[in-house]
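Per my numbering, the very first residue in the sequence shown carries number 526; after that it's consecutive.
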Amino acid sequence: MQPDGREKPAGPVDRRLRRVLEEKGAGYLVLLDPDRMEVGALVDLAHRSEEHGVDALLVGSSLTLKPTFAEAVAAVRERVSVPVIIFPGNAFHVVPGADAVFFLSLLSGRNPQLLVGEQVKAAPLIKSYGLEAIPVGYLLVDSGERTSVEFMSATMPIPRDKPDIAMAHALAAQYFGMRYVFMDGGSGGRMPAPVDMVRAVSEYVEIPLIIGGGIRLPEEAGRIVGAGAGFVVTGNVLEEDGGRLVRDFAEAVHDAGRARAAAREEPAIERVTQPGKSFR
Ligand code: 1GP
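This is the structure:
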């Protein structure tokens, strides 16, 4: 709240993400992990991603063995014009040079360090570096694999057959005033978040969903958007293929986003009366 009682407006990166949702129906984000790629290769992938339709880049990791995080953020920022957003695993990942940081709280866990401890350490750094903080509720969802984030966070993922648990957590994120819910299977998950869970959560809350972890095919990304996701994130698959699939992912996400938006705008009466169209 500002001194005159007005809400503080959303920052430029948040506004840009909202514009992506308005214009394309859904957005595509690529995760760059400085721990798994050399800075040069990371910058090449960032550049390729921008050329082939990515809407923003995330830089993050669950663990850092290499001392190159800050260098990677700065180098990527210099090379691309899409927003560069830090997706932190802990407060060490708050470095200068990015456009924004997802101010995450791992709501699906009960580990106070990741609910609020790291955030208290990170907040003054975010302010000093002038980063835009975007509050995001983070939910870890079982991806059929023990992922690094599960181990490092010492939290249990939400079971795949329990959409009600995900719904309640996502609504808590909304009531906390968070701008997005990130449902993540963790990097390298075996399976993407279940489509039924994505649909149930997206119908239940009003804030956009970001879905990542274990998405390896553009068709999977399209299905997830069709089920209601606002943004889809991929990481691993592009590290493995050198970014060849970026364009296919971006098209699948944007096509499904536009189709979903068009279906929403279609008057309900046409949906029930036009032959060949099912009532949704
Ligand atoms: C992990 O959602 C991201 O936090 C990306 O996951 O590397 O499995 O695509 P993948």
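Built from N, CA and C at the ideal position, the CB exists for glycine as well.
On a predicted model such as this, the values are computed, not experimentally measured, just so you know.
- As the crow flies, the alpha-carbon of Val-584 is around 36 Å from that of Asp-529.
- Distance from the C-beta of Val-762 to the nearest heavy atom of the ligand 1GP is below 7 Å.
- Not one heavy atom of the ligand 1GP sits closer than 7 Å to the Cβ of Gly-767.
- Leu-639 and Glu-744 have their alpha carbons spaced roughly 33 Å apart.
- Counted as a single uninterrupted DSSP element, the alpha helix (DSSP H) harbouring Asp-539 occupies residues 537-549.
- With contacts defined by Cβ atoms closer than 8 Å, Val-564 and Ala-597 form a contacting pair.
- Ile-611 is positioned such that its CB atom lies closer than 8 Å to that of Ala-623.
- By the neighbour-count definition (other C-beta atoms within 10 Å, threshold 16), Gly-669 is an exposed residue.
- Note: Gly-552 is bridge-paired with Phe-756 in the DSSP secondary-structure output.
- With contacts defined as CB atoms closer than 8 Å, Gly-662 and Ser-712 fail to qualify as a contacting pair.
- By alpha-carbon distance to Gly-737, the top candidate from Ala-754, Arg-604, Glu-731, Tyr-729 is Ala-754.
- With a cutoff of 7 Å, Gly-782 does not count as near the ligand 1GP, since its C-beta is closer than that to no heavy atom of the ligand.
- Here Ala-787 is exposed: its Cβ has fewer than 16 other Cβ atoms, across all protein chains shown, within 10 Å.
- Comparing alpha-carbon positions, the option among Glu-575, Arg-724, Leu-770 lying closest to Arg-748 turns out to be Arg-724.
- About 20 Å separates the beta carbons of Gly-739 and Gly-767, which is beyond the 8 Å limit, so they are not a contact pair.
- For Gly-737, the secondary structure class from DSSP, reduced to helix, strand or coil, is strand.
- Taking 8 Å as the upper bound for CB-CB distance, Val-538 and His-572 are not in contact here, some 19 Å apart.
- Distance between Gly-536 and Pro-660, taken at the CA atoms: about 11 Å.
- The beta carbons of Leu-763 and Leu-588 sit no closer together than 8 Å.
- Closest by C-alpha distance to Leu-590, out of Leu-567, Met-562, Val-607, Arg-602, is Met-562.
- Between Pro-733 and Phe-756, the C-beta spacing is below 8 Å.
- Residue Ala-697 holds the alpha-carbon nearest to the alpha-carbon of Ser-633 among Leu-656, Ala-697, Ala-595, Pro-649.
- Every alpha helix (DSSP H) stretch that sits fully inside the stretch 697-739 and reaches 4 residues is listed by chain position as 720-729.
- Using a Cβ distance threshold of 8 Å, Ala-647 and Pro-613 count as a contacting pair.
- Across the set Pro-559, Arg-704, Val-555, Met-716, the C-alpha of Val-555 shows the shortest separation from the C-alpha of Ala-775.
- Using a 10 angstroms sphere on the CB of Pro-688, the tally of other CB atoms reaches 16 or more, which defines it as buried.
- Not one heavy atom of the ligand 1GP is found less than 7 Å from the C-beta of Leu-631.
- Contact annotation, Ala-777 with Val-726: C-beta distance approximately 20 Å; criterion of less than 8 Å not satisfied.
- Annotated three-state conformation of Ser-668 is coil, per DSSP.
- Distances from the CA of Leu-664 to each of Thr-759, Met-722, Lys-549, His-618 were compared; the closest alpha carbon is that of Met-722.
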